[in-house]
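The next block holds one structure in the form of structure tokens; read it before the comments.
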Amino acid sequence: MHTPATTPELADSEGQKTSLPVLGAGVPAGTATGGPVPAPPRGHHTGSHGPKIDYELILDCVHCGLCTASCPTYVETGNEADSPRGRIYLMRQVIDGALKLDDDVKQHLDLCLNCRACETACPSGVQYGRLIEPFREHMAEVEPGRQTQSLNALQRFLLFHVFPYRWANRLSLAPARLMQWSGADWLLKKTGADRLIPKSFRSMKDMLPDLKPHYGRLPEVLPAEGKKRARVALFLGCVADALYPRTNLNTARVLQKNGCEVWIPRNQACCGALHYHAAEEWPARDFAAKNCSAFGADDAARFAGVDAVVTNAAGCGFQLKDYAHMMAGTPQAGAAARLQAKVRDISEFLVELGPVKPTHPVPVRATYHDACHLRHAQQIYKQPRQLLEMIPGLELVPLPESELCCGAAGSYNLTQPEMATRLGDRKAANIRDTKARAVFTGNVGCLMQITRHLKQLDPGIWCGHPVDALWAGYSGELPAELR
Ligand code: SF4
Ligand code: SF4
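Adding 294 to a residue's 1-based position in the sequence shown gives its number in the numbering used here.
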């Protein structure tokens, strides 16, 4: 971090030393070179050449530091510039022209997981996501492709041209599936021969969970079991459907069991999150437009027959719930707002509907990890726990630091592997310390990341989705990992 010689070291609210000048009570706003920068009036928008940020949102931060302890990168590095307050300060300094957008500044902003834990912690209601996202878009405009420049050509190809497509994911996983099912993967590891595989390819292979057979193609409409209580559209996701097909199947069955007719729109696409978080706005908007039409949201009368659009992936759910903002000013703005209004996480939807109680015991000590895009971005944390606690025999124990990011964060694992590993190890150690035999979480990225780190620390602990446990409670079919 670029720190001017004149900058004093200050202590934040947690007593940590900071390497940035901290704005706040008794500390005047200043530039990196020590000179005061008069704050533009509230309501001022940053210029057409800078990030498209409402300056008023920056001024919402009163520099109290109450967010720092909840920030995973600050917790790991202890550096003020890796905290929410520090990052807001850096963005403001750059916008004010007091600080150059140099490599140091970029590095601190790149290290942010966009997990939004700071938004949950902030008593002043700072909308951090509305700052970092346009700021990153600006960085991508100034330097196209920089967000993913640490990736090699294969990783970039997979990220943008394979991961967002369900069928391409399934096809691309065929060799990995063959290696796992034939035992070749185990043999390579056992003999150390996997060291011959290129590192970037090996690290992606190691991220894969145990791959299960896919459920195939479900009918477009699945009937409700018993009295029909709702008609829902199911969002399948792309990576999630290929890596965790059983969870999608269980979601459909759980919905049927709860009296829902389940419509699975054929032409649905990726939610757009993979592109959006890599600051590739327009491909993300194309996906959103496709979904507006696949789910029928472009026809208000037809869409009125859908009670909810249900997803089991926190990251996708959050992206779908941001469609109105993402599509503002486009011809699909109205459809995007209609679609967004009906999007529900599966746990949120079931609790609103009044869930049917499971009757079969699932005798396991379990814990729950809060996916950031559920806990912080959607404020959903009670509902998944409520569903798990309904299951007979399941003992739910608290997880220390359950709200701290596990390091998955979309493509963060690929772009910031070191911090992702530190956070993954920390999460796995906390889970092991609960002495639980299973950990549940509501997002595909977290499932992969936690599974991978638990495999190294304690392979006896299984990581699953709450709907997997719920379906076991409805059907009496325990997942093989819990038998
Ligand atoms: S983001 Fe919120 S909690 Fe953090 S320093 Fe600013 S006002 Fe305080
Ligand atoms: S989004 Fe997460 S990583 Fe980024 S500043 Fe906020 S708490 Fe820290």
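Even glycine gets a Cβ: it sits at the ideal position worked out from N, Cα and C.
Since the model is a prediction, treat every value here as computed from it, not as a measurement.
Could you pull the DSSP bridge partners for Y662 from this structure?
F734
Determine the extent of the beta strand (DSSP E) in which D762 is found, giving its start and end residues.
Taken as a continuous stretch (DSSP letters only), D762 belongs to no beta strand (DSSP E), being part of the alpha helix (DSSP H) at 760-769.
Leaving out five residues before and five after A627 in sequence, what residues of the same chain have Cβ atoms less than 8 Å from its Cβ?
A618, M621
Let me make sure I understand the geometry here. Which of L647, N544, R579, H571 has the alpha-carbon closest to that of V761?
N544
Determine the contact status of W533 and F451, defining contact as a CB-CB distance below 8 Å.
Note that residue 533 is Val in the sequence shown, not Trp. Their beta carbons are not under 8 Å apart, which means V533 does not touch F451 by this criterion.
Who does W461 pair with in a DSSP beta bridge?
Its beta-bridge partners do not exist; DSSP assigns none.
Between C554, D396, N446, L407, which lies nearest to V436 when the distance is taken from Cα to Cα?
D396
Using C-beta distances below 7 Å, list every residue in its chain close to R496, excluding the 5 sequence neighbours before and after it, in chain order.
If we look at R496 and ignore the five residues flanking it on each side, its Cβ neighbours are D488.
Nearest to D752 by CA position, among M742, D727, L690, Y768, is which residue?
D727
Count the other C-beta atoms from every protein chain shown that fall within 10 angstroms of the C-beta of D593, then say buried if there are 16 or more, exposed otherwise.
exposed
Quick check on D778: does DSSP put it in helix, strand or coil?
This structure cannot settle anything about residue 778, because the visible part of the chain is limited to 295 through 777.
Say yes only if the C-beta of L445 is nearer than 7 Å to one or more non-hydrogen atoms of ligand 2, and no if none qualify.
With a cutoff of 7 Å, L445 does not count as near ligand 2, since its C-beta is closer than that to no heavy atom of the ligand.
What number of angstroms, rounded off, separates the C-alpha of P625 from the C-alpha of L407?
31 Å
With H, G and I counted as helix, E and B as strand and the rest as coil, what does DSSP make of T728?
coil
A415 beta carbon near ligand 1 (any heavy atom closer than 7 Å)
yes
On a CA-only basis, which of L393, C416, I382 is nearest L403? Give me that one, please.
I382
Once the 5 residues before and after Y509 are set aside, which same chain residues still bring their CB inside 6 Å of it?
P539, L543
Would you please state the rounded distance, in angstroms, between the beta carbons of T367 and L425? I believe it to be under 8 Å.
Wrong, their Cβ atoms sit about 16 Å apart, outside the cutoff.
Supposed close pair P686, P655 - CB separation, criterion 8 Å
5 Å
In the region 476-564, which residue ranges form an unbroken beta strand (DSSP E) of at least 3 residues, counting only runs that do not cross its ends?
524-528, 554-557
State yes or no: is the C-beta of V420 nearer than 7 Å to some heavy atom of ligand 1?
yes
So if DSSP puts E689 in a beta bridge, which residue, or which two residues, is it bridged to?
R659.
Give the single residue among K729, N707, E695 whose Cα lies nearest to the Cα of K499.
Looking only at K729, N707, E695, the smallest Cα-Cα distance to K499 is reached by N707.
Which whole-angstrom value is the C-beta distance of A375 and L384, which I expect to be below 8 Å?
Confirmed, about 7 Å.
Taking its Cβ as the centre, do 16 or more other Cβ atoms sit within 10 Å of V321, making it buried, or is it exposed?
Any answer about V321 is weak, because its pLDDT of 30 lies below 50 and its placement is not dependable; what the coordinates show is given next. Label assigned to V321: exposed.
Suppose the cutoff is 7 Å on Cβ atoms and the five residues either side in sequence are ignored; what does the same chain contact list for S700 look like?
Looking at the sequence itself, residue 700 is Cys, so the reference to Ser does not match. Hits under 7 Å: H663, L717, G718, K721, C740, Q743, I744.
Close Cβ partners of F429 (< 6 Å) along its chain, the five nearest in sequence each way excluded:
P345, M385
N-terminal and C-terminal residue of the beta strand (DSSP E) that T624 is part of:
Taken as a continuous stretch (DSSP letters only), T624 belongs to no beta strand (DSSP E), as it is neither H nor E.
Alpha carbon to alpha carbon, what distance is there between S377 and M713?
A direct Cα-to-Cα measurement between M713 and S377 gives close to 14 Å.
Measure the C-alpha to C-alpha separation of G704 and Y570 and round it to an integer number of angstroms.
Note on geometry: alpha-carbon atoms of G704 and Y570 lie some 10 Å from one another.
As assigned by DSSP and simplified to three states, the class of A774:
In the displayed model, A774 falls within a helix according to three-state DSSP.
Can you tell me whether DSSP reads A333 as helix, strand or coil?
Note that A333 has pLDDT 43, beneath the 50 cutoff, so the model's placement of it is unreliable and no number is given.
I need the straight-line Cα distance from A630 to T414, nearest angstrom please.
26 Å
Taking the alpha-carbon positions, what's the I674 to S641 distance?
8 Å
Under 8 Å, do L448 and S494 count as touching if we go by C-beta distance?
yes
DSSP puts C757 in a beta bridge; with which residues?
V733
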